[in-house]
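This report concerns only the one structure given below.
2 protein chains.
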Amino acid sequence: MSRRDISSSSHARKEGWKTWEIDDNDLPQLKVNQTRLMAELHHTCQWGSGVPWKDATDPSTQTGMSRLALSDADKAARDWFVETTRSLGCDVTVDAMGNIFAVRPGSYGPKGIPTYCGSHLDTQPAGGRYDGILGVLAGVEMLRVMKEHDVETAYPVGVVNWTNEEGARFPISMVSSGVWAGEIPLERAHALKEVGGSGATMRDELERIGYLGTVPASYEAMPMAAHFELHIEQGPILEAENRRIGIVEGVQAYRWYTVEVVGREAHTGTTPFSARADALLTAARMIAYSHEIAVRKYALASTGILSLSPGSVNTVPGKVTFSLDIRAPFDKTLDDIERTLFQFDFRQIVSSEYTKGRELSFTWTVDSVSPATRFQKSCIEVAKSAAESLGKESSRNVRVMTSGAGHDSVYTSRRCPTSMIFVRCRDGVSHNPEEYASPEDCATGAEVLLQSVLRYDRLRYFKDNKSSDKPIR
Amino acid sequence: MSRRDISSSSHARKEGWKTWEIDDNDLPQLKVNQTRLMAELHHTCQWGSGVPWKDATDPSTQTGMSRLALSDADKAARDWFVETTRSLGCDVTVDAMGNIFAVRPGSYGPKGIPTYCGSHLDTQPAGGRYDGILGVLAGVEMLRVMKEHDVETAYPVGVVNWTNEEGARFPISMVSSGVWAGEIPLERAHALKEVGGSGATMRDELERIGYLGTVPASYEAMPMAAHFELHIEQGPILEAENRRIGIVEGVQAYRWYTVEVVGREAHTGTTPFSARADALLTAARMIAYSHEIAVRKYALASTGILSLSPGSVNTVPGKVTFSLDIRAPFDKTLDDIERTLFQFDFRQIVSSEYTKGRELSFTWTVDSVSPATRFQKSCIEVAKSAAESLGKESSRNVRVMTSGAGHDSVYTSRRCPTSMIFVRCRDGVSHNPEEYASPEDCATGAEVLLQSVLRYDRLRYFKDNKSSDKPIR
Numbered sequence: 001m002s003r004r005d006i007s008s009s010s011h012a013r014k015e016g017w018k019t020w021e022i023d024d025n026d027l028p029q030l031k032v033n034q035t036r037l038m039a040e041l042h043h044t045c046q047w048g049s050g051v052p053w054k055d056a057t058d059p060s061t062q063t064g065m066s067r068l069a070l071s072d073a074d075k076a077a078r079d080w081f082v083e084t085t086r087s088l089g090c091d092v093t094v095d096a097m098g099n100i101f102a103v104r105p106g107s108y109g110p111k112g113i114p115t116y117c118g119s120h121l122d123t124q125p126a127g128g129r130y131d132g133i134l135g136v137l138a139g140v141e142m143l144r145v146m147k148e149h150d151v152e153t154a155y156p157v158g159v160v161n162w163t164n165e166e167g168a169r170f171p172i173s174m175v176s177s178g179v180w181a182g183e184i185p186l187e188r189a190h191a192l193k194e195v196g197g198s199g200a201t202m203r204d205e206l207e208r209i210g211y212l213g214t215v216p217a218s219y220e221a222m223p224m225a226a227h228f229e230l231h232i233e234q235g236p237i238l239e240a241e242n243r244r245i246g247i248v249e250g251v252q253a254y255r256w257y258t259v260e261v262v263g264r265e266a267h268t269g270t271t272p273f274s275a276r277a278d279a280l281l282t283a284a285r286m287i288a289y290s291h292e293i294a295v296r297k298y299a300l301a302s303t304g305i306l307s308l309s310p311g312s313v314n315t316v317p318g319k320v321t322f323s324l325d326i327r328a329p330f331d332k333t334l335d336d337i338e339r340t341l342f343q344f345d346f347r348q349i350v351s352s353e354y355t356k357g358r359e360l361s362f363t364w365t366v367d368s369v370s371p372a373t374r375f376q377k378s379c380i381e382v383a384k385s386a387a388e389s390l391g392k393e394s395s396r397n398v399r400v401m402t403s404g405a406g407h408d409s410v411y412t413s414r415r416c417p418t419s420m421i422f423v424r425c426r427d428g429v430s431h432n433p434e435e436y437a438s439p440e441d442c443a444t445g446a447e448v449l450l451q452s453v454l455r456y457d458r459l460r461y462f463k464d465n466k467s468s469d470k471p472i473r
Numbered sequence: 001m002s003r004r005d006i007s008s009s010s011h012a013r014k015e016g017w018k019t020w021e022i023d024d025n026d027l028p029q030l031k032v033n034q035t036r037l038m039a040e041l042h043h044t045c046q047w048g049s050g051v052p053w054k055d056a057t058d059p060s061t062q063t064g065m066s067r068l069a070l071s072d073a074d075k076a077a078r079d080w081f082v083e084t085t086r087s088l089g090c091d092v093t094v095d096a097m098g099n100i101f102a103v104r105p106g107s108y109g110p111k112g113i114p115t116y117c118g119s120h121l122d123t124q125p126a127g128g129r130y131d132g133i134l135g136v137l138a139g140v141e142m143l144r145v146m147k148e149h150d151v152e153t154a155y156p157v158g159v160v161n162w163t164n165e166e167g168a169r170f171p172i173s174m175v176s177s178g179v180w181a182g183e184i185p186l187e188r189a190h191a192l193k194e195v196g197g198s199g200a201t202m203r204d205e206l207e208r209i210g211y212l213g214t215v216p217a218s219y220e221a222m223p224m225a226a227h228f229e230l231h232i233e234q235g236p237i238l239e240a241e242n243r244r245i246g247i248v249e250g251v252q253a254y255r256w257y258t259v260e261v262v263g264r265e266a267h268t269g270t271t272p273f274s275a276r277a278d279a280l281l282t283a284a285r286m287i288a289y290s291h292e293i294a295v296r297k298y299a300l301a302s303t304g305i306l307s308l309s310p311g312s313v314n315t316v317p318g319k320v321t322f323s324l325d326i327r328a329p330f331d332k333t334l335d336d337i338e339r340t341l342f343q344f345d346f347r348q349i350v351s352s353e354y355t356k357g358r359e360l361s362f363t364w365t366v367d368s369v370s371p372a373t374r375f376q377k378s379c380i381e382v383a384k385s386a387a388e389s390l391g392k393e394s395s396r397n398v399r400v401m402t403s404g405a406g407h408d409s410v411y412t413s414r415r416c417p418t419s420m421i422f423v424r425c426r427d428g429v430s431h432n433p434e435e436y437a438s439p440e441d442c443a444t445g446a447e448v449l450l451q452s453v454l455r456y457d458r459l460r461y462f463k464d465n466k467s468s469d470k471p472i473r
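Protein chains in written order, with UniProt numbering: chain Z, 1 to 473; chain F, 1 to 473.
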């Protein structure tokens, strides 16, 4: 059978680029092979296998992962990825950050810019089998389905494996997509040292495992027409709302602070409230208050670390240090919260507005800022219509949402249209050996990914052919 | 000059035991020697000298103390105490807990039960020069003044040095007055092991330094007619109210709890508030709430220790453990607070009344209970009239108060009338090398102590002579 040409649709061609509603009958009704997808996913989890679940009955699927970036296990998974994608007809390129780009040619040959999907094969030291891995394996399954049905796309289609997304071994998350996007200098990334380790740098380890490519890690050297990423949600929203697919329109902004409250140590028995400067009571009020303001502003506020001194039952703490992590879909919301908390409300709290006491002081430092990311409408709409087009999925099963966590897609969206597809994970648990997504949900997500890439390819073709018969570039 | 007989006062004798208002003209106008008192206090601080103050200009007085109970330094101070009190005409008895009783005979000879003052010569490892030491040294100064003026009391007068009041070396505070009162078994006290040390027991160390007496440590073997204790306040109330003397009518009750809150770890970015069970937010609300209820009930509530897990900026804590120390002058107040907090309010807080979220659980354990102590009216009134009788002190300078911290007087009050006299300490600071009370305040306190012992002796005489010409016993 000859390759099916999916680049012809009189209906959609009339509407052009802005038509997200592609006639489903114009697209091949391609299905992913759920059994094959899951078998292959678990097969690759032999490299870097972690601890079994507490009540594991099938350790071949119920075992966590510990596949740190650029470890021997990661090398084995990479080797499998390169070999497999080559066997499926791809050209494979490795860049200077070890990012692997597997590209399947389109009808116009290898010249067009590929439409990509991708994610990462590295895991947390006590991670699970789905975070990142599912996205890459769904890409490989996409290639298998395309080969199986001899699908012909207008432009090349690629699957990318990004290096060290977790930041667990080399301590910058998403560092290699960051270098690709031109947001993190290559030298800084190469010089990153292994956490708590031997002093080995990322460059050392790339070289050691044979993944220090010669192609520059850059959106200019390896351009992308679009980037779609399938990922587990890592949160409980889809599960709670009983929806199967999340279409991600952006990643919320977050900022991390350290707040230090300085009061005065005092004997708990002999010091009346009026003579106290209780650093812990004040910190407790700040933590409770930051929650209240986050509720009011549809944001999140969390404290995960708190330490105090001197730490004695009968001594009022003189100093407390705590972390504050605030998140919201818009940077402006965080600007507002930051200003309100640090300029006004926390000041009022240390001035002991509520009960008389001695005034305390506080200082705050910004530890990390991650601006809000808005994905591009073109990719969001394509992914959404792909999800809604699946026969078994009604639109009620699809939810447009914001990602709470960062992903490589944050960096790709700086340089090309991007969106993500989320599937449910049990109890919202991730970064945990017992992270789990059902085979059905994994397959549904992979199908939405496949359909998104096909649709995007088709829309590019429509767009290009309104003004020209040639594909872009 | 012959001994002055202070046991005759026709005015007071008419009124009998219940007359606290003794005609001041009937009492010898005895003054303590401030220079001598302070010189002797600092002299004895050569044994167990600690770290100098940060801005010390005179290290001979501006140095902290580190005189752990039954150490070589403590032995040296004890030897000085025994030698000095003997030289001032006392009989010295050491009991099985190393408590030292120095007794000066009265007019009726050594047979009457003595009226005591006393405190302790041991200190915290990083303690100051006043806590405990002032009370013993003021007793020695009392003996000096009595000898100097050849004062004759109706009954014997004693000065007691209690062993290991601090509980810093052998981990039960006030352990030796506790044994004396029959509240702590001798065997348990003797078996106490040195904190973080060699395994040496209290009995070992008493024996080693030669202070394991043969007289039983017991209120029956060594009875007291009364116990007055001069002490620094260890709190800021007198200083804040600009008063020089506190007359202590009791010691507040306290209870120590450990509260454990169990929620669920969750990603701070991907978990909406409705899906969280945030153990730290809940603990923060509990801490803030326990403060509020304490304010309403004229009590104290303090958290000095808090630990959480897992302790990562972007993970909602799944477990928090914190200490809760509540104090009030009455046991009933603590009963109320305990019931309200643990049966109702904390339950409401973990049920996420305030913002929707998953329910958490909490458990609480009682770590320590110290009931309220009420001192006896006879001693309180005597000390109060003594303070008010001092020419330079108007009654505005005297405050009746409750002690926030425990003292040996808590145990003596179980077996004999007791009260305490407090003097101001700078900023309420104690258990700190920079603990400080002015020479004037120390001398004023010592004068009130001296006058209290003299007045109590006189009142006993009045009381005994209403029904009999013999002293009690």
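Don't be surprised by glycine CBs; every beta carbon is placed ideally from N, CA and C.
Cβ-based burial, residue i [other Cβ within 10 Å; buried from 16]
| i | result |
| --- | --- |
| F/S87 | exposed |
| Z/K384 | buried |
| F/N242 | exposed |
| F/D58 | exposed |
| Z/E21 | Confidence in Z/E21 is poor, its pLDDT being 46 and thus under 50, which makes the residue's placement too unreliable to answer from. |
| Z/D150 | exposed |
| Z/G158 | buried |
| Z/Y155 | buried |
Paired residues, beta bridge with residue i - DSSP
| i | result |
| --- | --- |
| F/P52 | F/T63 |
| F/W364 | F/V259 |
| F/N161 | F/I100 and F/S119 |
| Z/K319 | Z/V262 and Z/S309 |
| Z/G246 | Z/R399 and Z/F422 |
| F/H267 | F/T315 |
| F/Y456 | None; F/Y456 has no bridge partner. |
Contact list for residue i against chain F, beta-carbon separation under 8 Å
| i | result |
| --- | --- |
| Z/S312 | G304 and I305 |
Own chain partners of residue i with C-beta closer than 6 Å, once the 5 adjacent residues on each side are dropped
| i | result |
| --- | --- |
| F/Y456 | T115, A226 and V382 |
| Z/V179 | M97, L186, A189 and A217 |
| Z/G213 | V94, D95 and A96 |
| F/N161 | F81, I100, L121 and V136 |
Close beta carbons around residue i, own chain, < 7 Å, minus the five adjacent residues each side
| i | result |
| --- | --- |
| Z/A425 | Residue 425 of chain Z is actually Cys in this sequence, not Ala. Y130, I232, E233, Q234, E435, Y436 and A437, listed in sequence order. |
| F/T373 | G250, V251, V410 and S413 |
Interface residues of chain F facing residue i [CB-CB closer than 7 Å]
| i | result |
| --- | --- |
| Z/Y254 | G269 |
| Z/G445 | What Z/G445 touches in chain F: nothing, since even the nearest Cβ is about 16 Å away. |
Chain Z contact residues for residue i, given Cβ-Cβ distances below 8 Å
| i | result |
| --- | --- |
| F/V295 | F273 and T355 |
| F/I287 | L280, L281 and A284 |
| F/A240 | S274 and A275 |
Anticipated Cβ contact below 8 Å, residue i with residue j, distance rounded
| i | j | result |
| --- | --- | --- |
| F/N164 | F/M222 | No, F/N164 and F/M222 are not in contact; Cβ-Cβ is about 17 Å, not under 8 Å. |
| F/L137 | F/E40 | 6 Å |
| Z/R78 | Z/Y211 | 6 Å |
| Z/A386 | Z/V313 | Not really, about 60 Å apart at Cβ, beyond 8 Å. |
| Z/P329 | F/T271 | About 15 Å; that fails the 8 Å criterion. |
Contact list for residue i against chain F, beta-carbon separation under 9 Å
| i | result |
| --- | --- |
| Z/G235 | A266, H267, G269, T270, T271, P272 and A275 |
| Z/G404 | H267, T268, G269, T270, T271 and P272 |
| Z/D325 | T268, G269, V313 and N314 |
Beta-carbon proximity list for residue i, same chain, < 8 Å, skipping 5 on both sides
| i | result |
| --- | --- |
| F/T268 | V313, N314, T315 and V316 |
Beta carbon proximity, residue i to chain B, threshold 7 Å
| i | result |
| --- | --- |
| F/H291 | This model lacks chain B altogether; the protein chains it does include are Z and F. |
Beta-carbon neighbours of residue i, restricted to chain Z and to distances below 7 Å
| i | result |
| --- | --- |
| F/P317 | G304 |
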